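Which chain is which? The protein sequence lines are A and B, in order.
Using this note's numbering, read the first sequence as starting at 280 and increasing by one per residue.
Using this note's numbering, read the second sequence as starting at 46 and increasing by one per residue.
To start, the structure itself, in structure tokens.
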Amino acid sequence: MDEPSPHTSRHGAVGSTPAVRVRDLQMRYGDHDVLTGVDLEVSRGEVVVLLGPNGAGKTTTIEILEGFRRPSGGRVEVLDEDPLHVDEAWRARVGIVLQSWRDHARWTPRALLDHLGAFYRPYATADRPRPVATDEVLDLVGLGAAADQRIITLSGGQRRRLDVGAGIIGRPDLLFLDEPTAGFDPQARRDFHELIHRLTDLEQTTVLLTTHDLAEAEKLADRILILAGGRIVADGSADALARQIRGRAEVRWTRDSQRFVHAADDPTGFVRALLAEHPDGIDDLEVRRASLEDTYLELVRAHLDPGAVKPAHRIVTERAS
Amino acid sequence: MNPVTNAVALGVRRGWHEFVIGLRSPSDQGFYAMFGVGSLALLWFNRDEDLGVPGLTLPQVALPSLLAALVMFSIVIAPAYALALEREDGTVLRLRVGPYGLHGYLVGLATLTLVGILPLLVIVLGGSAVLFEGAVPTAPGRWALIVGMLLLGILANLPLGFVIGSLVTKLRQVTTWGMAPIVGLAYLSGIFGDMERLWGWVQVLAQLFPLYWFGHLMRYAFLPEAAAAGEITGSWRLGEAVAVLAIWAIVGFALAIPLVRRMSRRQSGAAVAEARDQAANQFVR
Numbered sequence: 280m281d282e283p284s285p286h287t288s289r290h291g292a293v294g295s296t297p298a299v300r301v302r303d304l305q306m307r308y309g310d311h312d313v314l315t316g317v318d319l320e321v322s323r324g325e326v327v328v329l330l331g332p333n334g335a336g337k338t339t340t341i342e343i344l345e346g347f348r349r350p351s352g353g354r355v356e357v358l359d360e361d362p363l364h365v366d367e368a369w370r371a372r373v374g375i376v377l378q379s380w381r382d383h384a385r386w387t388p389r390a391l392l393d394h395l396g397a398f399y400r401p402y403a404t405a406d407r408p409r410p411v412a413t414d415e416v417l418d419l420v421g422l423g424a425a426a427d428q429r430i431i432t433l434s435g436g437q438r439r440r441l442d443v444g445a446g447i448i449g450r451p452d453l454l455f456l457d458e459p460t461a462g463f464d465p466q467a468r469r470d471f472h473e474l475i476h477r478l479t480d481l482e483q484t485t486v487l488l489t490t491h492d493l494a495e496a497e498k499l500a501d502r503i504l505i506l507a508g509g510r511i512v513a514d515g516s517a518d519a520l521a522r523q524i525r526g527r528a529e530v531r532w533t534r535d536s537q538r539f540v541h542a543a544d545d546p547t548g549f550v551r552a553l554l555a556e557h558p559d560g561i562d563d564l565e566v567r568r569a570s571l572e573d574t575y576l577e578l579v580r581a582h583l584d585p586g587a588v589k590p591a592h593r594i595v596t597e598r599a600s
Numbered sequence: 046m047n048p049v050t051n052a053v054a055l056g057v058r059r060g061w062h063e064f065v066i067g068l069r070s071p072s073d074q075g076f077y078a079m080f081g082v083g084s085l086a087l088l089w090f091n092r093d094e095d096l097g098v099p100g101l102t103l104p105q106v107a108l109p110s111l112l113a114a115l116v117m118f119s120i121v122i123a124p125a126y127a128l129a130l131e132r133e134d135g136t137v138l139r140l141r142v143g144p145y146g147l148h149g150y151l152v153g154l155a156t157l158t159l160v161g162i163l164p165l166l167v168i169v170l171g172g173s174a175v176l177f178e179g180a181v182p183t184a185p186g187r188w189a190l191i192v193g194m195l196l197l198g199i200l201a202n203l204p205l206g207f208v209i210g211s212l213v214t215k216l217r218q219v220t221t222w223g224m225a226p227i228v229g230l231a232y233l234s235g236i237f238g239d240m241e242r243l244w245g246w247v248q249v250l251a252q253l254f255p256l257y258w259f260g261h262l263m264r265y266a267f268l269p270e271a272a273a274a275g276e277i278t279g280s281w282r283l284g285e286a287v288a289v290l291a292i293w294a295i296v297g298f299a300l301a302i303p304l305v306r307r308m309s310r311r312q313s314g315a316a317v318a319e320a321r322d323q324a325a326n327q328f329v330r
């Protein structure tokens with residue numbers, strides 16, 4: 280497949296199929312199950328965050344989608360193709376930002392981006408000129424001032440931004456980022472979030488990124504997938520996830536100078552009963568809803584140690600598809 | 046625009062860019078100085094020895110052999126090291142995720158390897174022309190012959206570096222499987238002196254490998270007809286030399302292509318991260 284044109288038209292024709300479609304994905308190393316049946320779907324133009332604790336299988340999942348790993352089972356389609364059997368035209372449409380690079384130490388960011396971008400030149404189309412101009416990328420990732428410095432002299436954060444630059448230089452339809460902000464300071468993290476928003480607004484790029492940082496997921500995601508215990512245990516927007524766990528709340532009060540704490544599935548009913556029982560003996564009443572963070576931590580704990588929490592707290596929602 | 050042609054052209058530019066960067070770096074300059082000046086010194090201190098070829102000085106006879114060994118050494122070791130190192134540091138993966146990026150990377154590495162021998166050739170040939178009278182030919186016909194033989198020797202040896210670089214799992218193994226055998230081979234192939242001193246079976250063994258024949262052809266290109274007296278059979282064996290080198294080239298390329306593919310397929314971000322962590326641990330210890 281040296282000629283890119285048939286591919287691009289195919290893309291146009293099937294633009295409505297999901298960018299990523301995964302069914303019952305399994306991954307086993309020896310007798311250790313890492314993924315035990317992951318189902319996920321990413322629509323075109325969507326920003327999906329794969330959230331999970333370290334070791335949950337995020338990197339394994341994303342590397343299967345990138346075509347770097349052969350899954351033990353399940354069906355994977357990325358831009359309508361099986362990533363294990365893709366041609367170079369597919370690579371031209373997929374951008375990949377991975378963790379931990381220390382390559383091209385003696386090059387400059389400008390020279391490297393120029394070089395990497397030029398590989399995409401034959402894959403330019405009318406609506407997606409490729410590559411993106413090097414200066415534009417340098418500007419977008421905030422490396423304008425460091426563009427002609429040797430890469431080895433860049434700070435860790437600058438280096439990661441260069442990785443992102445390399446990932447987007449080909450104007451990808453779909454961008455994978457694995458832990459992109461690991462090791463960022465708060466300012467660099469904010470800049471990076473800004474960058475992802477600009478990318479998705481300007482280029483309609485579909486983004487799938489992994490993180491173990493809940494705040495980051497909330498900030499970036501159209502949809503959050505929580506990966507724990509080898510499967511997706513929650514799937515929805517940050518708001519939806521928070522709403523779905525109405526149940527659990529913490530009620531605190533004081534009676535006869537004694538503090539009481541009660542975890543209630545139905546806090547309103549509980550408080551009503553409590554007040555009825557002690558018409559004037561209650562002080563300092565406090566009802567605290569579980570935050571998204573509480574939910575997340577509880578979910579993760581539940582799936583790392585299945586006995587710890589009642590299965591009622593699984594909040595996978597059926598998606599209309 | 047054809048993406049393959051595009052990637053090949055980018056590879057050539059990549060190799061040149063790395064070469065220019067290297068010229069400015071102290072480590073590369075040190076490499077050239079050590080091997081270039083070292084070779085000249087070796088010839089200089091043995092300049093009065095007799096290699097048993099009537100009418101020719103040691104530098105005259107040894108220079109073409111030494112050039113063959115230097116070229117083989119850098120042409121095998123440079124890509125082997127680069128592949129082992131750039132696989133661990135993510136360079137191969139970085140290129141591979143782009144369309145035809147692996148093509149670009151490999152062409153770049155081959156280009157760098159080829160132009161990378163030029164400084165060495167310039168130092169050794171230039172130095173010899175000044176220091177040793179009659180060691181470096183001046184006739185254009187001779188030079189055409191020398192360039193032809195160099196190209197043949199390069200073709201036979203270039204794939205070996207890619208094969209070694211794809212097979213090793215650690216940088217250090219390049220020394221074990223690349224450098225040590227080549228230095229041994231150089232000794233057996235009569236690069237450092239007279240092969241006649243070695244046992245007969247060693248001579249036969251050496252003639253299975255490309256270095257002996259590369260040296261043979263270089264001597265043929267540099268020396269007068271009568272110098273054949275110093276060769277094993279007392280004659281120039283051009284047909285055999287070309288055949289052995291061609292076989293090495295063909296077998297080498299046939300092996301290198303699938304091995305490099307397999308190596309590159311095994312690259313992933315996690316694999317690179319693992320290599321990095323291992324390297325960090327070694328450093329701490």
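C-beta: ideal position from N, C-alpha, C; glycine also.
Please read these numbers as outputs of a predicted model, since none were measured by experiment.
Item                                                                                                                                                                  : Value
Is the CB of B:L154 under 8 Å away from at least one CB in chain A?                                                                                                   : no
From the DSSP output, in three-state form, read off A:A543 for me.                                                                                                    : strand
Do you know how far the Cα of A:V321 is from the Cα of A:L504?                                                                                                        : 10 Å
Pick helix, strand or coil for B:I168, following the three-state DSSP scheme.                                                                                         : helix
Do A:Q428 and A:G352 have their CB atoms nearer than 8 Å?                                                                                                             : no
Closer than 9 Å, Cβ to any Cβ of chain B: which residues of the segment 379-393 of chain A, in chain order?                                                           : S379, W380, R381, D382, H383, A384, R385, W386, A390 and L391
Name the chain D residues whose beta carbon is nearer than 8 Å to that of A:T338?                                                                                     : No chain D is present in this structure, whose protein chains are A and B.
Where B:V49 and B:E94 are concerned, what is the direct C-alpha to C-alpha distance, given to the nearest angstrom?                                                   : 53 Å
Closer than 8 Å by beta-carbon distance: list the chain B residues that pair up with A:P401, in chain order.                                                          : M46, N47, P48, N51 and P144
Output needed in chain order: residues of the segment 205-228 of chain B with a Cβ under 9 Å from some Cβ in chain A.                                                 : none
Any idea if A:A298 is buried or exposed, counting beta-carbon neighbours within 10 angstroms, 16 or more meaning buried?                                              : buried
For A:D310, which of helix, strand or coil comes out of DSSP?                                                                                                         : coil
In angstroms, rounded to a whole number, what distance separates the CA positions of A:R400 and A:E577?                                                               : 48 Å
Check the Cβ-Cβ distances between A:D397 and every residue of chain B, and say whether any is below 8 Å.                                                              : Here residue 397 of chain A is Ala; the residue named in the question, Asp, does not match the sequence. Chain B, which has a Cβ nearer than 8 Å to the Cβ of A:A397, makes this yes.
Please report whether the beta-carbon of A:E565 lies at a distance below 8 Å from any beta-carbon of chain B.                                                         : no
Going by DSSP, which residues form a beta bridge with A:R302?                                                                                                         : A:R354
Verify whether the separation of the beta carbon atoms of A:G346 and A:R409 is less than 8 Å.                                                                         : no
Would you be able to state if there are at least three C-beta pairs under 8 Å between the segment 299-309 of chain B and the segment 208-227 of chain B?              : yes
Taking its Cβ as the centre, do 16 or more other Cβ atoms sit within 10 Å of B:L196, making it buried, or is it exposed?                                              : exposed
Using the DSSP secondary-structure output, state which residues sit across from A:E565 in a beta bridge.                                                              : A:R531
Is B:Q248 helix, strand or coil when you go by DSSP?                                                                                                                  : helix
Quick test of the definition: if touching needs 3 or more C-beta pairs under 8 Å, does the segment 484-501 of chain A touch the segment 447-464 of chain A?           : yes
Taking C-alpha atoms, which residue in A:Q437, A:L520, A:E497 and A:A445 lies nearest to A:D470?                                                                      : A:Q437
Who are A:E497's beta bridge partners in DSSP?                                                                                                                        : In the DSSP output, where bridge partners are listed per residue, A:E497 has none listed.
Can you tell me whether DSSP reads A:Y487 as helix, strand or coil?                                                                                                   : Correcting the residue type first, residue 487 of chain A is Leu in the shown sequence and not Tyr. Three-state DSSP puts A:L487 in a strand.
For a cutoff of 8 Å on Cβ pairs, would you count A:D312 as touching chain B?                                                                                          : no
With burial defined as no fewer than 16 other Cβ atoms inside 10 Å of the residue's Cβ, what is the status of B:W246: buried or exposed?                              : exposed
Give the interface partners of A:D457 over in chain B, defined as CB-CB distance under 7 Å, in chain order.                                                           : G314
Cβ of A:V355 within 8 Å of Cβ of A:I343?                                                                                                                              : yes
Which residue's Cα is closest to the Cα of B:G206: B:I292, B:V287, B:F118 and B:V228?                                                                                 : B:F118
Given that a residue counts as buried once 16 or more other Cβ atoms are within 10 Å of its Cβ, and exposed if not, what is B:I292?                                   : exposed
Give the DSSP-derived three-state secondary structure of B:V137 in the structure shown.                                                                               : helix
Which residues in the same chain as A:T339 place their Cβ atom closer than 7 Å to its Cβ, once the five residues preceding and following it in sequence are excluded? : M306, V313, L314 and R348
Along chain A, which residues have their Cβ under 9 Å away from the Cβ of B:H62?                                                                                      : W386, A390 and H394
Of the residues that make up the segment 126-145 of chain B, which ones have a beta carbon closer than 8 Å to any beta carbon in chain A?                             : E131, D134, G135, T136, L138, R139, L140, V142, G143, P144 and Y145
Assign A:E282 to one of two classes, buried (16 or more other C-beta atoms within 10 Å of its C-beta) or exposed (fewer than that).                                   : At A:E282 the pLDDT is 43, less than 50, meaning the model places this residue with poor confidence; the figure from the coordinates comes in the next sentence. Under this definition A:E282 is an exposed residue.
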